[in-house]
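Protein chains in written order, with this note's numbering: chain A, 378 to 616; chain B, 277 to 353.
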């Protein structure tokens, strides 16, 4: 089954096979950074790809965020987009889970798609959660942050409004947990689908291309929903 | 005559299958409606494709997440 397995332990810290894949992903990003250390006027292919991604995310966030926030958030969001995209495609690379070690009669793959690990995707959701709320408190103040959850308008409904506000406050983290779970669920379901269909020759091929599409789509969905959450919290009109 | 043994494992497996089947009805309808309305809008105004595409995908993702809840419960079960 496609479960996260521990390869070795380092001082009691388990090194899982998704962690090794994340290390490879980091190496890829370091390579890209060294390649783009000095941007040229006439861009190379790698630089052109990076610029295209950045412009795409910038256009996406310009539709709902103001220019100051776009300047602040577009680099982070395009990095997240590229990270998820490359992570998804790294997991889909043919032969990815065939390299491994045999430990006590059991085969353990060394590499596995990093986004099919719930820990990674939940951590990415947590980053968005803290970024949204810290930026909201910074731009609106603590009072404005509280006012986002508790409305004050019809005074005679104060009890109901407080109850609704408490519910909203309680449900706020759920949105970001689901943001992580959505990515994990889609990618690990795709892995299971490919594994189940690859028992019969050639049946897995159309599903493989479907997963290529889903991988790009999930990267877009994660960044798009992050932009939407930033927009709804920080830029809400005062009522 | 086929004998069906009701062990814990078979009950759990059938419960998971039923849960996924019922849980996929709503999101399926929702995604279908979103797609249909988006197609209608693009048919009326083909220039709106670029503006409609990303919100359509986001709405589909939000509808799909309900099926993801079911799948996570099944996987953890």
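Note that beta-carbon positions come from the ideal geometry of N, C-alpha and C, so glycine has one too.
For clarity, every value in this text was computed on a predicted model and none was experimentally measured.
Determine, for residue i, whether the minimum Cβ-Cβ distance to residues of chain A falls below 9 Å.
{"i": "residue 351 of chain B", "result": "yes"}
{"i": "residue 305 of chain B", "result": "no"}
{"i": "residue 325 of chain B", "result": "no"}
{"i": "residue 282 of chain B", "result": "no"}
{"i": "residue 337 of chain B", "result": "yes"}
{"i": "residue 310 of chain B", "result": "no"}
{"i": "residue 344 of chain B", "result": "yes"}
{"i": "residue 328 of chain B", "result": "no"}
{"i": "residue 288 of chain B", "result": "no"}
{"i": "residue 315 of chain B", "result": "no"}
{"i": "residue 318 of chain B", "result": "no"}
{"i": "residue 298 of chain B", "result": "no"}
{"i": "residue 279 of chain B", "result": "no"}
{"i": "residue 301 of chain B", "result": "no"}
When the cut-off is 9 Å and only beta carbons count, does residue i lie next to chain B?
{"i": "residue 563 of chain A", "result": "yes"}
{"i": "residue 391 of chain A", "result": "no"}
{"i": "residue 446 of chain A", "result": "no"}
{"i": "residue 558 of chain A", "result": "yes"}
{"i": "residue 437 of chain A", "result": "yes"}
{"i": "residue 616 of chain A", "result": "A caution first: residue 616 of chain A carries a pLDDT of 44, below 50, which makes its placement in the model too unreliable to give a value."}
{"i": "residue 594 of chain A", "result": "yes"}
{"i": "residue 598 of chain A", "result": "yes"}
{"i": "residue 602 of chain A", "result": "yes"}
{"i": "residue 605 of chain A", "result": "yes"}
{"i": "residue 555 of chain A", "result": "yes"}
{"i": "residue 581 of chain A", "result": "no"}
{"i": "residue 608 of chain A", "result": "no"}
{"i": "residue 573 of chain A", "result": "no"}
{"i": "residue 566 of chain A", "result": "yes"}
So for residue i, helix, strand or coil by DSSP?
{"i": "residue 513 of chain A", "result": "helix"}
{"i": "residue 530 of chain A", "result": "coil"}
{"i": "residue 615 of chain A", "result": "Residue placement at residue 615 of chain A cannot be trusted, given a pLDDT of 47 that sits under 50; what the coordinates show is reported in the next sentence. In the structure shown, residue 615 of chain A sits in coil (DSSP, three-state: anything other than H, G, I, E or B)."}
{"i": "residue 471 of chain A", "result": "coil"}
{"i": "residue 476 of chain A", "result": "coil"}
{"i": "residue 334 of chain B", "result": "helix"}
{"i": "residue 276 of chain B", "result": "Chain B is shown only over 277 to 353; residue 276 of chain B falls outside these bounds and no answer can be derived."}
{"i": "residue 384 of chain A", "result": "strand"}
{"i": "residue 391 of chain A", "result": "strand"}
{"i": "residue 485 of chain A", "result": "strand"}
Looking at residue i: is its Cβ nearer than 9 Å to the Cβ of residue j?
{"i": "residue 604 of chain A", "j": "residue 438 of chain A", "result": "yes"}
{"i": "residue 602 of chain A", "j": "residue 556 of chain A", "result": "yes"}
{"i": "residue 337 of chain B", "j": "residue 419 of chain A", "result": "no"}
{"i": "residue 571 of chain A", "j": "residue 553 of chain A", "result": "no"}
{"i": "residue 328 of chain B", "j": "residue 314 of chain B", "result": "yes"}
{"i": "residue 528 of chain A", "j": "residue 457 of chain A", "result": "no"}
{"i": "residue 567 of chain A", "j": "residue 587 of chain A", "result": "yes"}
{"i": "residue 505 of chain A", "j": "residue 612 of chain A", "result": "no"}
{"i": "residue 470 of chain A", "j": "residue 399 of chain A", "result": "no"}
{"i": "residue 402 of chain A", "j": "residue 499 of chain A", "result": "no"}
{"i": "residue 383 of chain A", "j": "residue 485 of chain A", "result": "yes"}
{"i": "residue 454 of chain A", "j": "residue 600 of chain A", "result": "yes"}
{"i": "residue 405 of chain A", "j": "residue 493 of chain A", "result": "no"}
{"i": "residue 361 of chain A", "j": "residue 542 of chain A", "result": "Chain A is shown from 378 up to 616; residue 361 of chain A falls before or after that span and cannot be answered."}
{"i": "residue 447 of chain A", "j": "residue 435 of chain A", "result": "yes"}
{"i": "residue 295 of chain B", "j": "residue 349 of chain B", "result": "yes"}
{"i": "residue 318 of chain B", "j": "residue 324 of chain B", "result": "yes"}
Taking 8 Å as the cut-off, is the C-beta of residue i nearer than that to any heavy atom in the ligand COA?
{"i": "residue 343 of chain B", "result": "The ligand COA is not part of the structure shown, which contains no ligands of any sort."}
Specify whether the stretch 385-396 of chain A and the stretch 483-492 of chain A touch according to this definition: at least 3 beta carbon pairs, one from each stretch, less than 8 Å apart.
-> Cβ pair count under 8 Å is three or more, so yes.
Could you tell me whether the stretch 335-344 of chain B touches the stretch 555-571 of chain A, using the rule of 3 or more Cβ pairs below 8 Å?
-> With the rule of 3 Cβ pairs closer than 8 Å, the stretch 335-344 of chain B counts as touching the stretch 555-571 of chain A.
Inter-stretch contact at 8 Å, needing at least 3 Cβ pairs: the stretch 462-470 of chain A / the stretch 580-594 of chain A | Yes, the stretch 462-470 of chain A is in contact with the stretch 580-594 of chain A.
Residues of the stretch 453-482 of chain A with a CB closer than 7 Å to any CB of chain B: list them in chain order, please.
-> Of all residues in the stretch 453-482 of chain A, none places a beta-carbon less than 7 Å from a beta-carbon of chain B.
Meets three-Cβ-pair contact criterion under 8 Å: the stretch 279-292 of chain B and the stretch 530-541 of chain A | A contact is defined here as three or more CB-CB pairs under 8 Å, and the stretch 279-292 of chain B fails this definition with respect to the stretch 530-541 of chain A.
Give the residues from the stretch 486-498 of chain A that approach chain B closer than 7 Å (Cβ to any Cβ), ordered along the chain.
-> Within the stretch 486-498 of chain A, no residue qualifies.
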